Each structure stands twice: as C-alpha cells, then as structure tokens.
Amino acid sequence: MAINRIDHAAVRVKDLGQALEWYEGVLGLTVLDRNADRALLACSGTAADLTLIDGGQSIDSFAFGVDHADDLDEIISRLDKNGVAYKRYKEADRPGHSDILGFDLPSGHRMEFAVGYGDRRAGVTNFQSDGSFIPTDIDHINLLGEGDPQEFSEFMKMVLGFKQSLALTIAGKWAASWLRASKLDHDLAYMQAQRPSDRLHHVAFAVQDGNHYFRLSDRLTETGNRWEFGPGRHMGGIPRDTQGFGTNNFAYAFDPTGNRNEFSCGMNEFEDDDPGYIGETSPEKFPEIMNGWAYNMPESFMTIGS
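Quick note: the working numbering has the sequence shown finishing at residue 1632, numbered continuously throughout.
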C-alpha cells in the first residue's frame, strides 16, 4: 500500500466572495469552477488543490493521494478490521480525482484517499515555482481537536500506516504530533486545541525557496496584508538543530474567515524506519522552538485556530 501526500482540502469560509479575494486575488490561485455554494481552485495545473465551501469556518475534509485503486482496497481492508465505517465514491465536479474513499477519523475530521484521474499521480507535491509569488501546490495540514494526540497518532500509524516524525510532550503528556506518509518531514499534524471549537490550525501551501518567500511577502505588502508569523524556521523542539525533524521553513497568514494558511518549504527527508523524535517542552519554550531565527512568536499562533 502506497500513500502519497495531501492532494486536496475543502475549507469552509464565511463569505465565498471575500475568500476568493484572498485565494485568487492575493495568492494568485486559479479558479477552476465556481457556483453559489463553492469554488474549486488550483495552485498550478488543472487538478483542484482547494475547495472553498460557502458558510461556516474551518476544515470540511481533506484528501491524501494514492497511486492505484488497489491501494484503496488495502485501506478498506484495514478499516474493516478496525470497525471504521467508510464510503467509496467519485466526485464528478472535483478535477484531478477518480475513485475516492472517505471516512471519519477518531478526532471527527473527515479524511479521504483519492486516486488521480487518468495518468495523474495524486498527492505528489510540485515544488517548482514559475518565478512568481503563487504557491506551487498544497503541502500538508495541521488539525486541532480535543482528543489525545497520542491516541490520534496510534490510529494513523497502526490503521493507516503513517510514520511518527515528531511529538512534543508537556509534563509527560503528548500535546502535538507530526506524522508522515511520504519521506518528507511531515504530511499531517495534530495538536490539542486551546479552544474546544477549533478543528484546524492550518492548511499549508508549498513554496520553492527563500526567494519565493520574498516574492510572496512583497505580494502581501502590495495588497495591504501582513504575515501573522514568519518567515522563519521551526526547530522541532531541538535547539539549534536545522536538519532534524520539524525544521521546515514557514510563514503564516489568515484568510478573511480566520482560517490560517502556512507557506512551507525546506522539509528534510527521512527513511521509513527512522524512529522520529519525542521531546519534552513547556509553553515558555514555544517562542524558541517555533522559530529558530527570532523570538517574535505571536500569542495567536498557539491559541487561535478555526
């Protein structure tokens, strides 16, 4: 069974028109299709990376890619063995996907696995910029919930075959977990929410390199926007380690609804048998480990989701 990276996210927004002013007007994503209830957008190409759903806030569902329908069969077998209900279907109005398998995670989040349409491989991230400010692809997702991050991680590992990259504990209790399906540092993260209603910390888009951050930063300035946090480098709980788990570059901003977007690059690669890293931390250490380049982490970063 081969699971690739995230391929699509469906996000609820309070006002579809205002949301498009951000995702299309500021970030430069292409609208593939739109009606009164939703809009489908792509960073590049003709496959939908993001669906905006009118009404509400936060994540509605997200999809990881697999190469073949046989991979869905293997996932179904695993779900059956663990008593997880699921549905297999096609979404004719979602460009880029063929067969889709959907089910609810123990956290209540809706997860999908999708096969690419035709010869397209779903969940293979494009990191190559055309020299513009536009993000190159969807990159990963960070969920929030009231459940135990350790229990969430055990489900993802034992049932779906994800690998543990990084976990941070506070007073010995898991507070956050980062997991990977690919060789890259993390494809999915889960943290305990500070506000019970929050289900999403961020949907991340890929950027190529530091120069891409410069162009995107200028784009935000030109359109009257600012970063919430960054650009910077996460330190994964290990002081002065720029190559270990949890050391990608980042920049964060909010869409008009208050859904947080990350713009990520520079993840390291790891082998399947790498055991990952579990580190003890404390809230007063967050500014240091969340940005190894500075001490300017805003309070909102650790307290506000959607």
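C-beta atoms are modelled at their ideal positions from N, C-alpha and C, and glycine is treated no differently.
It should be emphasised that the depicted structure is a prediction, and the values quoted were computed from it without experimental measurement.
query: In DSSP terms, what Thr1356 is bridged to; result: Ala1368
query: Counted within 10 angstroms of its Cβ, other Cβ atoms place Ser1403 as buried (16 or more) or exposed; result: exposed
query: Collapsed DSSP secondary structure at Ile1460 in the structure displayed; result: coil
query: Helix, strand or coil at Asn1537 according to DSSP, with G and I counted as helix; result: helix
query: Status (buried if at least 16 other CB within 10 Å, exposed otherwise) for Glu1595; result: exposed
query: Cα-Cα separation, Phe1589 to Gly1442; result: 24 Å
query: Beta strand (DSSP E) runs contained entirely in the region 1448-1513, provided each spans 3 or more residues; result: 1463-1471, 1489-1496, 1499-1506
query: Distance between Met1561 and Gly1642 (C-alpha atoms, nearest Å); result: Outside the displayed span of the chain (1327 to 1632) sits residue 1642, for which this structure offers no information.
query: Three-state class that DSSP yields for Gly1558 in the structure shown; result: strand
query: Limits of the alpha helix (DSSP H) - the one that Lys1416 falls within; result: Here Lys1416 belongs to no alpha helix (DSSP H); instead the beta strand (DSSP E) covers 1412-1416.
query: Counted within 10 angstroms of its Cβ, other Cβ atoms place Trp1619 as buried (16 or more) or exposed; result: exposed
query: Nearest candidate by alpha-carbon position, reference His1527, set Glu1554, Gln1534, Asn1537, Glu1548; result: Glu1554
query: Ser1403 - containing alpha helix (DSSP H), residue span; result: 1395-1407
query: Endpoints, alpha helix (DSSP H) assigned at Ile1635; result: This structure does not reach residue 1635, given that the chain is present from 1327 up to 1632, and the question cannot be answered.
query: Beta-carbon spacing of Ala1532, Thr1462 below 8 Å; result: yes
query: Cα-Cα separation, Leu1342 to Ala1368; result: 16 Å
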